[in-house]
Structure formats: structure tokens, C-alpha cells
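As given, the protein sequences belong to chains D and F, one line each in that order.
Note that my numbering has the first sequence beginning at 1, numbered continuously upward.
Note that my numbering has the second sequence beginning at 328, numbered continuously upward.
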Amino acid sequence: MTTGVMTRRPSWYWMVLGFSIFLVLGGLMGLMFAIVQWGTPAGMTTGALGLIAVALGTYQGMRAVKILTGLSWGEQVLQVNAYLLLAFLYLPIIILLIYSFNASKRGAVWTGFTFHWYKVLFHDRAIGQAVQITLWVGFWSTVISTAFGTLAALALERFPRFRGRLPFDAVLYLPIIIPDIVMAISTLLFFVVLGMPLSRYTILIAHVAFNISYVAVVVRARLADMDATLEEAAMDLGADEWRTFRFITLPLLMPGIIAGALMAFTLSLDDFVITFFVSGPGSTTLPVRVYSMIRLGVTPEVNAISALMLLGSVSLLLISLALQKRE
Amino acid sequence: MLMASRLKLRSEWHVSNIVLQSTTALFSLSLFIWAGLLFRWMTFGFFRWHPWPLERHLDRLPPVIPLLLYVGFLLLDGVILWGVRRRVAWARLAGLARSLLLVALGLGYYAWSRDIVTSFFIIGLAGAQAAILWPSPPWALSWPAAYWLGLYFMLPLVIMFIVSLGERTSVGTVVYTFTLKNYARFFGKIGGRYLYLLILWRSLWLATVNTLLCLIFGYPLALWIARQPERRRNLFLLLVMIPFWTNFLVRTYAWMVILRDTGVINTVLIDVLGWAERPLRLLYTPGAVFLGLFYGYLPFMVLPLYTSLERLDWSLIEAAQDLGANMRRVFQEVMLPLTTPGIVAGSILVFIPSVGAYVTPDLLGGARVIMVGNLLQQQFLVVRDWPFGAAVGFILMILMLAATLLYFRTGGRTL
């Protein structure tokens with residue numbers, strides 16, 4: 001009991017924790033050095049020492065945390081895994097954001113803060129046109145696929161059996177299951193064989209084709225969760241089918257439809273592979289334009305436009321979450 | 328009077344209100360279109376309209392023919408609408424016949440003009456009108472989606488299969504010879520090696536390992552998020568959703584900024600730490616492709632896993648623990664079976680795009696053909712051997728469908 005009091009003094013374990021973090025970081029540096037200098041005696045020795053330091057630091061650190069906070073080993077593993085993965089997911093994006101403000105034209109050396117690349121971007125007419133086409137395709141494909149997908153979801157959820165229901169259900173799932181590159185090449189072949197010149201309309205057609213499925217899946221999930229008694233009550237009170245649909249079903253379904261529409265819009269804005277194959281010379285969307293810029297060489301303008309696209313996606317996501325929360 | 332009743336000309340069409348209203352709406356739409364087309368046709372000289380494709384093609388005919396066509400369909404649809412509103416049975420039959428006629432006209436117009444958008448619209452509208460007059464409410468509802476997917480998704484797959492049976496001519500066009508040569512080439516040896524099978528095998532292997540890794544790292548992450556208190560849970564969920572919704576191209580490009588020869592890592596190693604003289608080759612390696620795949624598809628695994636873990640009834644786990652099961656048995660016998668739908672959905676969402684990945688191997692793997700996605704792009708846009716590319720695409724599609732069916736058989740019920 002007395003020894004327990006001695007060893008469980010918190011300040012001591014805070015020190016142990018700090019030292020183990022130091023050990024792990026140092027060990028990781030050593031491992032990095034070993035990777036760079038692989039094969040040389042100095043590199044291999046540092047690597048071995050680094051490995052030991054990481055192992056020891058991790059063990060001691062986790063023990064200290066266990067004593068300090070009472071978190072079990074399993075919970076600690078979960079927590080460390082979660083924070084490391086989140087850091088892994090965000091580090092590249094954050095680095096990209098930071099470098100879009102770097103004054104240096106090439107290389108990763110920081111030479112100063114600038115908005116220059118954003119200014120270059122706003123004066124680039126090709127990008128302006130690409131943005132215009134992207135938004136046009138996104139808007140119309142969202143409108144068409146939301147209408148058609150919602151109708152299909154209603155048919156599949158409200159009519160449990162009709163002739164040809166099963167094949168239709170399967171076909172509706174297929175665009176989600178098939179790799180997008182297969183869809184891209186088959187659609188390209190279709191347009192070429194039927195003699196349709198590639199334009200913004202061919203992009204729109206392909207985008208609607210894959211968006212219908214996603215909208216239908218989202219709206220169906222909402223319909224399946226919906227309470228059918230309200231509709232029955234409306235019918236009992238004398239409302240006909242149209243009124244029931246207009247004043248009961250549609251308002252209840254609206255969050256699902258909005259979620260589906262936002263998903264369709266995002267998918268349309270973000271799609272690269274299918275658009276890349278079915279876009280014509282005069283009708284590139286923003287992702288296709290960015291891709292060709294990347295292929296021509298990594299430049300700070302690409303960093304800037306990537307940062308803006310990131311901002312766009314995040315704001316769309318926040319809008320969609322806010323709309324869903326309001327319900 | 329007697330004749331009329333015997334021919335059932337005056338018999339009533341027993342139909343629900345909603346079908347009647349939808350029919351009215353659809354036929355009013357076509358009345359509006361005919362009237363608009365007629366008006367435009369009559370006033371071309373006066374208003375100088377910008378001609379639509381339909382009007383450009385019809386201009387090749389004597390001008391009285393489109394006029395008769397528009398007036399005839401305007402009158403026909405008007406009479407049908409009038410009859411339908413009065414619920415007379417012959418109006419339904421006339422409407423069905425008229426819709427069939429319009430479908431035939433649309434097909435003929437496509438064969439004559441190759442104007443796919445207009446003929447597609449004509450046939451689509453006529454089909455919807457036929458479905459509602461039949462009357463089959465589920466098909467009237469499904470018709471737009473079924474028609475669009477049938478024409479622009481299923482038909483392209485059929486065409487891809489037909490093209491895959493053809494051969495490439497020296498100028499890059501396709502002749503339809505109906506051979507299995509392309510398939511034989513894919514499964515056969517090229518220069519003493521199974522070149523294409525090897526690429527397919529590598530894609531499948533990379534995708535499998537990637538799926539497993541995403542599962543191994545993603546499951547604990549989803550579990551941890553699901554066990555957080557409400558507000559923190561929503562925050563961390565948002566943090567996983569942001570990469571899910573961000574452009575894949577941008578996220579792949581971020582790794583190029585980090586890994587390239589003058590990128591972040593090499594700058595730190597050479598200029599800041601001084602550990603290396605020459606840049607390390609990090610980009611354009613299989614390792615970079617692997618990293619890109621894992622980074623790209625991890626959120627696709629975490630989100631479905633989180634959904635199924637969040638729905639998990641934690642009292643079941645407590646009950647298992649109270650009954651004396653250790654953590655391992657609790658996981659094996661309670662958590663794993665209950666979260667199988669999430670695991671299946673996440674695995675499908677990671678595995679299928681990983682096999683068919685194009686952006687990641689192209690940007691992070693360099694110009695070499697590493698995965699099937701590169702091979703397809705090369706065959707279609709560089710070599711222009713479309714029949715062989717179509718064959719590869721068809722094989723990939725069949726493989727993915729088989730994998731999905733297998734998953735559904737063994738695992739969950741819904742995606």
C-alpha cells in the first residue's frame with residue numbers, strides 16, 4: 001500500500017509521459033534517418049536504436065496514461081489509432097492549403113506569403129469557362145436526377161410487386177457497383193458508335209445516369225424509415241392520392257430528397273473519370289482542367305485551385321448537414 | 328345508340344383520380360409542346376428563332392409536312408385529353424395507339440436524322456404517356472429513370488460487349504468480326520508472359536490488401552467515434568466526412584506535393600535536416616500508389632462501419648461481459664456478427680473503386696501501366712485499340728459483379 005502511494009504520485013507520471021513522448025519522437029526521427037541512409041552502418045545503428053526507443057516510449061507512455069487517467073490498454077490503442085488516422089487524413093490537405101500561399105514558383109521551400117496564385121487563377125479564362133460548365137452540368141444533372149430518382153424510389157417502395165420490378169431494382173443499383181472507369185468507356189463507346197459529338201450535353205447525360213442511382217438509394221432509405229400511418233390517416237380523412245402525396249408524403253420525404261440532391265450535386269462536381277472520357281475538346285469541367293494542369297506540371301496555381309475546391313466541398317457538406325439538422 | 332353500346336364506345340374507364348390527373352398533366356404537356364412547335368414553325372420568318380435540332384432536320388422536308396404533323400398531333404392529343412377527362416374507354420385505347428405511333432415516329436426520326444437528343448425526348452414522353460394510360464402507376468413512376476438508365480447505361484454496356492467482339496483496323500476504327508480474339512489476347516501470353524493477367528492480378532491484389540488495411544485501421548476508428556459522447560461524436564464524424572466529400576483528384580494531388588522530388592519530404596530531408604544529398608524517389612513508385620489508395624478510400628470504409636456501430640445495442644455487449652465472455656469473445660460473437668452489414672458495405676465501397684482505380688495509379692504511379700484503370704485508359708485514349716479495351720472493361724465488370732454477388736451471399740442484405 002505504501003509503495004502504491006509512492007509510485008502513483010501524478011507529477012512523477014506526467015514526467016514519465018513527457019519523457020516517453022520525447023523518446024517516441026526521437027525514435028521516429030532515427031527511423032527516418034535509417035530509411036534515408038539505408039545500408040550504411042550509421043543509418044542501420046540509428047534505425048535499430050530508433051526502433052527500441054519507439055517501442056520503449058510507447059510502452060512507458062501508455063503505462064503512464066493508464067495510471068494517470070485509468071484508460072485501459074485497449075481504449076488507449078483505439079484513441080491513438082483515431083488521432084493518428086485523423087492526422088493522416090488531414091496533414092496532406094493542410095500542407096496543400098499552406099503551400100497555396102507560398103510565393104516560391106517551384107519547390108517546397110517557403111519564400112513568403114502571397115495571394116498571387118489566387119489572383120492568377122481569377123484572371124485565367126480557361127478556368128472560368130471550366131467552372132461555368134461544371135456548374136451548368138452540376139445544376140441540370142441534379143435537377144433531372146433528383147426528379148427521376150425520387151420517382152423511381154417511390155415506385156419501388158410504394159409498390160411491393162409489379163412486373164419487372166426486380167430487374168429494374170438491379171439496374172438501379174448497377175451504376176454504384178460497376179467501377180466508374182467501365183461506365184466511362186462504355187458511355188464513350190456509345191456516343192462514338194451512335195455518332196454523337198462529345199459536348200457538355202454528353203457529360204450531362206452520363207452524370208444523370210450515375211446520379212439517378214445515388215438519389216434513388218438515399219430517397220428509398222428515407223421512404224423505408226417513414227411512418228405510413230400518417231398517409232393512411234390522411235386518406236381516411238378524405239384526401240385523395242394527390243393531396244396525400246402533396247401535403248403528407250412530400251413534406252416528410254423532403255429531407256431525403258434534399259440529401260439526395262446535394263449528394264448528386266457533389267458527385268457531379270467532383271466526378272473526374274467519367275467526365276474525362278466523355279468530354280469534348282471545348283467542354284472541359286473543372287476537375288478535368290485541373291487534371292491536365294497537373295499533368296503539365298505541378299504549379300502553385302494548381303495548389304490554389306485545389307484549395308478553393310476544398311473550400312467548396314466543405315461548404316457544400318456543411319450546408320447539407322445544416323439542412324438535415326433543421327428537420 | 329344500340330351500335331354505340333355494343334361497341335362499348337361509351338363505356339366508362341374505371342380509373343383512380345391520380346392516374347387521371349397524371350394523364351391530364353402529361354397530355355397537357357404534349358399539347359403545350361405541339362402548340363409551341365407550331366407557333367415557332369409559323370413565325371420563323373417573323374421572330375428569327377434560333378432553330379432547334381428537330382427544326383433544322385425538318386427543314387429538309389417540304390414546309391407543309393411539319394405543319395400537318397404539328398396540327399395533326401395537336402388535334403389528336405386534344406381529342407384524347409378531352410376523352411380521358413370524361414373517362415371514356417376509347418380515349419385510353421386511342422391514347423395508347425397514339426403513343427405507340429409516336430414511339431415509332433421517334434425511332435424513324437432517329438434513323439433518318441441521327442438526332443439522338445430529340446428522338447430520345449419524343450420516345451421518352453410517349454413511353455411515359457403509354458405507361459400512365461395502360462395504366463401501370465409503378466411503371467409510370469419508374470419510367471423516366473428506367474428509360475434513362477436503359478438507354479444511357481445498359482445499352483452502352485451492350486454496345487461495349489459487341490465492340491469487344493470486333494477488331495481494330497489500322498486507322499483505329501472498329502470492324503465487327505465477332506471473334507473472341509480480344510479475350511484470348513487478354514488471357515494469353517504476350518512475349519512469354521501473361522502480361523494482362525498480371526496487371527489484373529496486381530490490381531486485385533492491391534485492392535484486396537487495401538480493403539483489409541482500411542478495415543483493420545478503419546474499424547477501430549469507427550468504434551472509437553461511435554463510443555464518444557454525442558457532441559464529440561458529431562465533430563469527429565464531420566472530420567471523417569470532409570475527406571469523403573472532397574474531390575478525389577485534389578486529395579491525390581496533395582500527395583504529389585508531399586512526395587515529389589522537390590516536394591515537402593525531400594525538401595525537409597535535404598535542405599532542412601541535411602540527411603541526404605539527392606532526393607529520394609518517393610513519387611511514381613508502387614508504394615506511392617498504395618499510399619494513395621489507402622488514403623483515398625479510408626473514409627469510404629469508416630462511414631458505413633460507423634453507421635452500423637452506432638446502431639449497435641451496447642447493452643448486448645455488457646450482457647455478454649456479465650455472462651463471463653472476455654473482450655475477444657465479445658468481439659467475435661457479438662460485435663462482429665452485428666456489424667457485418669457495415670463491414671460488407673464498407674468493403675464493397677473500398678474494393679470496387681480500388682480495383683478500377685484510375686486517378687491514383689496514373690498520378691502517383693507515373694506513366695507506367697500498373698493497374699487495370701491505366702490499361703483501359705491507354706487502350707482507349709493512347710493506343711486506340713477500342714475492341715481490346717472494351718474486352719478488358721467487360722472482364723472487369725463481370726469480375727466486379729461476381730465479387731458483389733459473392734459478398735451479398737455471404738454477408739449483409741442491403742448496401
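Just so you know, even glycine gets a beta-carbon here, dropped at the ideal spot from N, CA and C.
Inset, instruction - Could you list which residues in chain F have their beta carbon closer than 8 Å to that of residue 246 of chain D, in chain order? - result: Residues of chain F passing the Cβ test: none, with the nearest at roughly 11 Å.
Inset, instruction - Quick one: list the residues of chain D neighbouring residue 479 of chain F, beta-carbon separation under 8 Å, in chain order. - result: 187, 190, 205, 206, 208, 209
Legend entry - Beta carbon proximity, residue 90 of chain D to chain F, threshold 9 Å: yes
Inset, instruction - Identify the contact partners of residue 60 of chain D in chain F, using a Cβ-Cβ distance below 7 Å as the criterion. - result: The premise fails here: residue 60 of chain D is roughly 22 Å from chain F at the closest Cβ pair, so nothing lies under 7 Å.
Legend entry - Short-range partners of chain D found in the region 513-543 of chain F, where Cβ spacing is below 7 Å: none
Inset, instruction - May I have the straight-line CA-CA distance separating residue 263 of chain D from residue 724 of chain F, to the nearest angstrom? - result: 24 Å
Legend entry - Pair within 9 Å by beta-carbon distance, residue 691 of chain F and residue 616 of chain F: yes
Legend entry - Counted within 10 angstroms of its Cβ, other Cβ atoms place residue 580 of chain F as buried (16 or more) or exposed: buried
Legend entry - Selection of the region 225-247 of chain D by Cβ proximity to chain F, strictly under 7 Å: 240, 241, 242
Inset, instruction - May I have a chain-ordered list of the alpha helix (DSSP H) segments no shorter than 4 residues that lie completely inside the region 69-156 of chain D? - result: 73-99, 116-122
Inset, instruction - Please classify residue 697 of chain F: does DSSP put it in a helix, a strand, or coil? - result: coil
Legend entry - Reduced DSSP secondary structure (H/G/I, E/B, other) of residue 215 of chain D: helix
Inset, instruction - Could you tell me whether the region 218-229 of chain D touches the region 300-320 of chain D, where touching means 3 or more Cβ pairs closer than 8 Å? - result: no
Legend entry - Amino acids of chain F, ordered along the chain, whose beta-carbon sits closer than 7 Å to that of residue 333 of chain D: Here chain D covers residues 1 to 327 and nothing more, so residue 333 of chain D does not appear.
Legend entry - Under 9 Å between C-beta atoms of residue 204 of chain D and residue 274 of chain D: no
Legend entry - Proximal residues of chain F, C-beta to C-beta of residue 101 of chain D below 8 Å: Result: empty, since nearest Cβ-Cβ is about 13 Å, beyond 8 Å.
Inset, instruction - Report the rounded CA-to-CA distance for residue 731 of chain F versus residue 395 of chain F, giving the unit in angstroms. - result: 53 Å
Legend entry - Neighbourhood of residue 200 of chain D by C-beta, 7 Å cutoff - its chain only, sequence neighbours within 5 removed: 133, 136, 137, 283
Inset, instruction - Using a cut-off of 8 Å between C-beta atoms, extract the partners of residue 648 of chain F located in chain D. - result: By Cβ distance, chain D contributes nothing, its closest Cβ being about 13 Å from residue 648 of chain F, past 8 Å.
Legend entry - Member of D/93, D/139, D/141, D/165 whose CA lies at the smallest distance from the CA of residue 569 of chain F: D/93
Legend entry - Between the CA atoms of residue 643 of chain F and residue 740 of chain F - distance to the nearest angstrom: With a pLDDT of 48 at residue 740 of chain F, under the threshold of 50, the modelled position of that residue is not reliable, and the figure given next carries that caveat. Each residue's alpha carbon lies about 22 Å from the other.
Legend entry - residue 520 of chain F - DSSP class collapsed to helix/strand/coil: strand
Inset, instruction - Following the continuous alpha helix (DSSP H) through residue 178 of chain D, name the residue where it begins and the one where it ends. - result: No alpha helix (DSSP H) holds residue 178 of chain D; DSSP gives it neither H nor E.
Inset, instruction - Using only alpha-carbon positions, find the residue among F/489, F/480, F/506 that is nearest to residue 168 of chain D. - result: F/480
Inset, instruction - Could you tell me whether the region 603-610 of chain F touches the region 516-523 of chain F, where touching means 3 or more Cβ pairs closer than 8 Å? - result: no
Inset, instruction - Starting from residue 29 of chain D, trace the alpha helix (DSSP H) both ways and give me its first and last residue. - result: 10-36
Legend entry - Any beta strand (DSSP E) of 3 or more consecutive residues that is wholly inside the region 633-662 of chain F: none
Legend entry - For residue 241 of chain D, three-class secondary structure by DSSP: helix
Legend entry - Backbone CA spacing between residue 547 of chain F and residue 228 of chain D [nearest angstrom]: 37 Å
Inset, instruction - For residue 180 of chain D, return the contacting residues in chain F, with the cut-off set at a CB-CB distance below 9 Å. - result: 680, 683, 685
Legend entry - Nearest-angstrom Cα separation, counted from residue 321 of chain D out to residue 572 of chain F: 12 Å
Inset, instruction - Note down, in chain order, each residue of its chain lying with its Cβ closer than 6 Å to the Cβ of residue 450 of chain F, except the 5 sequence neighbours on either side. - result: 430, 433
Inset, instruction - Please list, in chain order, all residues of the same chain as residue 290 of chain D whose beta carbon is under 8 Å from its beta carbon, the five residues on each side excluded. - result: 302, 305, 306, 309
Inset, instruction - Starting from residue 603 of chain F, follow the alpha helix (DSSP H) in both directions and report where the run begins and ends. - result: No alpha helix (DSSP H) holds residue 603 of chain F; DSSP gives it neither H nor E.
Inset, instruction - Note down, in chain order, each residue of its chain lying with its Cβ closer than 7 Å to the Cβ of residue 2 of chain D, except the 5 sequence neighbours on either side. - result: With a pLDDT of only 48 at residue 2 of chain D, under the threshold of 50, the placement of this residue in the model should not be trusted, and no figure is reported.
Inset, instruction - Check the Cβ-Cβ distances between residue 216 of chain D and every residue of chain F, and say whether any is below 9 Å. - result: yes
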